[in-house]
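Structure first, then comments.
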Amino acid sequence: MRNIHEVVSQPSLPVPLATAKRSRTRFAQNWDFLAVVLLMGASLPLAWISPVALVLILNPGTFDDHWVIDAVFKASRGIFFGRDVAFLYGPLAHWLFSVPRWAGLSLGSIHTSYNTLLLWCSFFFGYATLRLLLPEQPAWKRFLLLLLLAVFWAPWDGRTAFYIFLLAFFVRGWYALQQERVKPIVLGFGAALLCAIAFLYSADTGTYGVAAWLIALCGVAWEGRREPKARLYALAMAAFVVSSVVLVFLFNVAMASVFDFGFWRRSLALVAVHRWNEPASMSEAGAIHLLLPLVAGGAVFLLRWAVAADRTAVITARAGFLLSAFAFSVLAMQSGLVRSDPNHIVFAVFPMVFFTGTVLFSFQSRLVSLAAALIAVAVSVLFSQPAPAFRLASLRYRYVQFRHPLTACPGGFKEFDHACYPAGFATMLQSNVNYLQQHSGAGDSVVIFPYQYMFGMASGHNVAGAVEQSYLAVGPYLTQLDIAALQRAAAPAGLYFPDGSLSLPIDDVPNFTRSPEIWFWIFRHYRADQELAPEDFGLQRDDSRAARMSMQPQPLGVASQSHPIRERSAKLDLGLTYWPRGADFLRLRMTVHYDPLWKLRKPERLQLEITRADGSYDLKTFVVEPNVSSEVWFYPWNDTELAHYFDADEMEWRTTPRSAITQLRLLVTPMDWVSQPPDSITIESADAVTVSMAH
1 MRNIHEVVSQ PSLPVPLATA KRSRTRFAQN WDFLAVVLLM GASLPLAWIS
51 PVALVLILNP GTFDDHWVID AVFKASRGIF FGRDVAFLYG PLAHWLFSVP
101 RWAGLSLGSI HTSYNTLLLW CSFFFGYATL RLLLPEQPAW KRFLLLLLLA
151 VFWAPWDGRT AFYIFLLAFF VRGWYALQQE RVKPIVLGFG AALLCAIAFL
201 YSADTGTYGV AAWLIALCGV AWEGRREPKA RLYALAMAAF VVSSVVLVFL
251 FNVAMASVFD FGFWRRSLAL VAVHRWNEPA SMSEAGAIHL LLPLVAGGAV
301 FLLRWAVAAD RTAVITARAG FLLSAFAFSV LAMQSGLVRS DPNHIVFAVF
351 PMVFFTGTVL FSFQSRLVSL AAALIAVAVS VLFSQPAPAF RLASLRYRYV
401 QFRHPLTACP GGFKEFDHAC YPAGFATMLQ SNVNYLQQHS GAGDSVVIFP
451 YQYMFGMASG HNVAGAVEQS YLAVGPYLTQ LDIAALQRAA APAGLYFPDG
501 SLSLPIDDVP NFTRSPEIWF WIFRHYRADQ ELAPEDFGLQ RDDSRAARMS
551 MQPQPLGVAS QSHPIRERSA KLDLGLTYWP RGADFLRLRM TVHYDPLWKL
601 RKPERLQLEI TRADGSYDLK TFVVEPNVSS EVWFYPWNDT ELAHYFDADE
651 MEWRTTPRSA ITQLRLLVTP MDWVSQPPDS ITIESADAVT VSMAH
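Numbering (my numbering), first residue to last: 1 to 695.
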């Protein structure tokens, strides 16, 4: 019996050893997650590492500074993008922005940590995507690839990494459906839920999410075209559509009420205006950074397609994935074609870079894997994007600040709310804060035009309006949405910054010309109280102005006609004009006609050349929605003088000499090689508008 007992008991003896071996095996397969941990540790905000440290702000008051600071402050007041305010991000991303308030809400903490969770989302989504696409590869490949992507290529806001993850997830899902390892209803509902969450992140993330779902289906279905799976695909699509409709109504209830589609209207409106409202020209360096990944990615994808030995075992070698990933990456490059500054080019090429790296690291041969790793490191060091989110220099800065935190502002700087600003800016900031606090109650909102929203948080007041910053209040829907919110808020005071040193035209378009309806509404309801600093005016509410205000348009004699555009650059002479004495504004009603190709490119630059009797002239850049009759307003002289119109005395509106306008010419020029020239431009009317106010 003893021998029998020994025989039966012996298998139980090595269990601890087997458990340890399994643990070592599990660690060997999953230690790549350490890359996420390292990246999170390296990107810890300075405000969290050293709460007493001050933040040195060398270039304060940039356009992005204002909306970022206001976003965090709005979240602390329970006001969220998408639900209460229209902006490019949705409530989920807005909540992630608001992390600084957990560590103490201050201008200093916001500057250092507003993008922390968004950046961490990029790391997590990147890791999850690599686990989906490279599960069979050794952990060191995923570890190295994630570090390279995060340090040298990744954008900061997480939305690009999110829809990259969605494409990988949907490709895996369609393959699982094809192999009947998942039910169509489950796949359709899961995809609809993820796309709905993507819309909560941002409108364009949701749009790309839906595109990823459809592109993944096309790629996988094409690969399996010889197998009769159409019924499964149709059931999954039906489940996706039905689930999406249900989720729309559920989101409506969460945002407002079951039949209130405001969230979706605002989201789609912002997506619709992006291409014509915010185009930016592409430099030669930008074109290289945009097109080089396309060429390199295409070569790597073709190479992977040619190596068919492990096609059934490696998902990134399968035709469905290669087609889907390449097509989706090309689609994502659209954002870089439209707004072609370095920051948006990083967003645009990241999907191509990510999937190219994934394909490059998918070869199973050890020799090829080592060569691929060396190539990836060399390319990342030599050709990384011009504005990645995570810089090696930031590590050195954090280390120095951790050892020797800045506790007093250096010479030429002054502290304001845990941040060191240049002394002149800090003084101006304090004077604006004092003014708003003196003329507004604790629960009041304030009005600010055009985009200097950081003064709202600095003074403890929410900035009124339903669109974040006036440059997005374009088109009838968004404009009226913003004006209605301004009316409801009835802010007792505000700030006005005419275009000059403190307020710069966005993409050379004067802020008045970009959103004239918002300017005129503020002009009718507020008067200037005092000049707080050069080109910085305090406003007080005065509704009596609206009742006393009147506008008298007078035709300029410009012929109403359609001008064909036959070349990429064109100059249209609108003719000589009769400019009435004392007129204030120039108004054009026009339609710029484009063929449908403009939706794959971007409109050309439009400028109005204004010639005056004294021989001087100005070029006024403007934007209009293609194929829509639009009113375009211009202030024909120096835009800094617009501040005079807020004076209570009309005699002060026109204190500077004005030479009469004698001729108008319309200039149509390409921004870059991507720009789409219009087919024709129809001038419907041209008026000089005089504004007056009865005593």
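Glycine included, C-beta positions come from ideal geometry on N, C-alpha and C.
Keep in mind it's a predicted model, so treat the numbers as computed, not measured.
Review point. Taking buried to mean at least 16 other C-beta atoms within 10 Å of its own C-beta, is Y578 buried or exposed?
Key: Walking along the sequence shown from the start, residue 578 turns up at place 578. Y578 comes out exposed.
Practice item. Just the C-alpha distance for Y233 and I215, rounded to the nearest angstrom, thanks. Key: To locate residue 233, count along the sequence shown from 1; it is residue 233. To locate residue 215, count along the sequence shown from 1; it is residue 215. The straight-line gap from Cα to Cα measures roughly 13 Å.
Point to revise | For Y201, the three-state DSSP class (helix, strand or coil) | key: Here residue 201 is taken as the residue at index 201 of the sequence shown, counted from 1. In this structure, Y201 counts as helix in the three-state DSSP scheme.
Exercise for review: Could you tell me whether the segment 537–545 touches the segment 484–498, where touching means 3 or more Cβ pairs closer than 8 Å?
Suggested key: yes
Exercise for review: Leaving aside the five residues before and after L130 along the sequence, list all residues of the same chain whose C-beta is less than 8 Å from its C-beta, in chain order.
Suggested key: By 1-based counting over the sequence shown, the position of residue 130 is 130. The answer, listed in chain order, is D32, R142, L145, L146 and T358.
Point to revise | the ligand NAP heavy atom lying under 6 Å from the CB of S113 | key: Ligands are entirely absent from the displayed structure, and the ligand NAP is therefore not among its contents.
Review point. Rounded to a whole number of angstroms, what is the C-alpha to C-alpha distance between L744 and L96?
Key: An answer regarding residue 744 cannot be provided, because it is not within the stretch 1 to 695 covered by the chain.
Check your understanding: Quick one, are the C-beta atoms of H66 and Q452 less than 7 Å apart?
Key -> Locating residue 66 in the sequence shown gives position 66, counting from the first residue. Locating residue 452 in the sequence shown gives position 452, counting from the first residue. Taking 7 Å as the Cβ cut-off, H66 and Q452 qualify as a contacting pair.
Review point. Does the separation of the CB atoms of F326 and F350 fall below 7 Å?
Key: The count along the sequence shown starts at 1 and reaches residue 326 at position 326. The count along the sequence shown starts at 1 and reaches residue 350 at position 350. In this structure, F350 does not lie closer than 7 Å to F326 by Cβ.
Review point. Of the residues L588, S445, A473 and Y471, which one's Cα is nearest the Cα of G460?
Key: Residue 460 sits at position 460 when you count from the first residue of the sequence shown. If we check each option's Cα against that of G460, S445 comes out closest.
Review point. From this set, L247, S202, L294 and V248, which residue's C-alpha is nearest V271's C-alpha?
Key: Sequence index remark: in the sequence shown, residue 271 carries index 271 (1-based). When only C-alpha atoms are compared, the closest one is S202.
Exercise for review: Pull up the distance between the alpha-carbon of F646 and that of F523, whole angstroms please.
Suggested key: Translated into the one-based positions of the sequence shown, residue 646 becomes position 646. Translated into the one-based positions of the sequence shown, residue 523 becomes position 523. Rounded to the nearest angstrom, the two C-alpha atoms are 6 Å apart.
Check your understanding: What does a CB cutoff of less than 6 Å around S122 pick up in its chain, not counting 5 residues either side in sequence?
Key -> Counting from 1 along the sequence shown, the entry for residue 122 is found at position 122. Only A154, G158 and A161 meet the Cβ criterion.
Check your understanding: Is the segment 599–607 touching the segment 332–347, taking contact as three or more C-beta pairs under 8 Å?
Key -> yes
**Study point:** Which listed residue (T591, V346 and L576) has its alpha carbon closest to that of N627
**Key:** For the purposes of this step, residue 627 is taken as residue 627 along the sequence shown, with counting starting at 1. With distances taken between Cα atoms, N627 lies closest to T591.
Exercise for review: Report, in whole angstroms, the separation of the C-beta atoms of A613 and S562, which I expect to be a contact under 8 Å.
Suggested key: By one-based count along the sequence shown, residue 613 stands at place 613. By one-based count along the sequence shown, residue 562 stands at place 562. Wrong, their Cβ atoms sit about 29 Å apart, outside the cutoff.
Check your understanding: If you draw a straight line from the C-alpha of P553 to the C-alpha of L268, how long is it?
Key -> On the sequence shown, residue 553 is found 553 positions in, with the first residue counted as 1. On the sequence shown, residue 268 is found 268 positions in, with the first residue counted as 1. Spanning the two alpha carbons is a distance of roughly 34 Å.
Practice item. Would you kindly check if the distance between the Cβ of A473 and the Cβ of T518 is under 7 Å? Key: Locating residue 518 in the sequence shown gives position 518, counting from the first residue. Locating residue 473 in the sequence shown gives position 473, counting from the first residue. It should be noted that the sequence gives Ile, not Thr, for residue 518. A contact, by the Cβ cut-off of 7 Å.
Point to revise | Burial state of L576 (16 or more Cβ within 10 Å) | key: Mapped onto the sequence shown, residue 576 falls at position 576. Its Cβ having fewer than 16 others within 10 Å, L576 is exposed.
Point to revise | Burial state of L34, where buried means 16 or more other Cβ atoms lie within 10 Å | key: Along the sequence shown, one-based indexing puts residue 34 at 34. By the 10 Å Cβ count, L34 comes out exposed.
Check your understanding: When we look at the beta-carbon of K74 and count the other beta-carbons within 10 Å, is it buried (16 or more) or exposed?
Key -> Residue 74 sits at position 74 when you count from the first residue of the sequence shown. Looking at its Cβ environment, which holds 16 or more other Cβ atoms inside 10 Å, K74 is buried.
**Study point:** Per-residue DSSP class, three states only, for I700
**Key:** Any property of residue 700 remains undetermined from this structure, which presents the chain solely from 1 to 695.
Point to revise | Boundaries of the beta strand (DSSP E) in which E415 is found, first to last residue | key: As a position in the sequence shown, residue 415 is number 415, starting the count at 1. First-last of the beta strand (DSSP E) with E415: F413 to F416.
Check your understanding: Grouping DSSP H, G and I as helix and E and B as strand, with all else coil, what is G209?
Key -> Stepping through the sequence shown from its first residue, residue 209 is reached at position 209. If DSSP states are grouped into helix, strand and coil, G209 belongs with the helices.
Review point. Helix or strand or just coil, what does DSSP make of N3?
Key: Here residue 3 is taken as the residue at index 3 of the sequence shown, counted from 1. Note on N3: pLDDT 46, under 50, position unreliable in the model; no value is reported.
Check your understanding: Which first and last residues belong to the alpha helix (DSSP H) in which I79 is found?
Key -> Counting from one through the sequence shown, the residue named residue 79 turns up at place 79. Counting along the chain, I79 falls outside any alpha helix (DSSP H), and DSSP gives it neither H nor E.
Exercise for review: Mind checking who P553 pairs with in its DSSP beta bridge?
Suggested key: Working through the sequence shown from its first residue, we reach residue 553 at position 553. Beta-bridge pairing links P553 to V689.
Review point. For the putative contact between D499 and T640, defined by C-beta atoms under 8 Å, what is the C-beta separation to the nearest angstrom?
Key: On the sequence shown, residue 499 is found 499 positions in, with the first residue counted as 1. On the sequence shown, residue 640 is found 640 positions in, with the first residue counted as 1. Confirmed, about 6 Å.
Check your understanding: Residues bridged to W120 by DSSP?
Key -> Numbered from its first residue, the sequence shown carries residue 120 at position 120. Note: W120 sits in no beta bridge, so no partner.
Exercise for review: Provide the residue span of the beta strand (DSSP E) that contains A493, from first to last.
Suggested key: Stepping through the sequence shown from its first residue, residue 493 is reached at position 493. Where A493 is concerned, the enclosing beta strand (DSSP E) stretches over A493 to Y496.
Check your understanding: When the Cα of I565 is compared with those of L586, A559, L588 and Y594, which residue comes out closest?
Key -> Looking up residue 565 in the sequence shown gives position 565. With distances taken between Cα atoms, I565 lies closest to Y594.
Exercise for review: List the residues that DSSP assigns as beta-bridge partners of P603.
Suggested key: Position 603 of the sequence shown holds residue 603. In the DSSP output, where bridge partners are listed per residue, P603 has Q676.
Review point. In angstroms, rounded to a whole number, what distance separates the CA positions of V241 and L187?
Key: For the purposes of this step, residue 241 is identified with residue 241 of the sequence shown, where counting begins at 1. For the purposes of this step, residue 187 is identified with residue 187 of the sequence shown, where counting begins at 1. Cα to Cα, V241 sits roughly 12 Å from L187.
Check your understanding: Between G465 and V447, what straight-line distance do the alpha-carbon atoms span, to the nearest angstrom?
Key -> What you label residue 465 is simply residue 465 of the sequence shown in a count that begins at 1. What you label residue 447 is simply residue 447 of the sequence shown in a count that begins at 1. So the alpha carbons of these two residues sit roughly 8 Å apart.
Point to revise | W633, DSSP secondary structure in three states | key: On the sequence shown, residue 633 is found 633 positions in, with the first residue counted as 1. DSSP places W633 in strand when its eight states are reduced to three.
Exercise for review: Can you give me the Cβ contacts of A176 inside the same chain, cut-off strictly under 8 Å, excluding the 5 residues immediately before and after it?
Suggested key: Counting from 1 along the sequence shown, the entry for residue 176 is found at position 176. These residues qualify, in order along the chain: V182 and L187.
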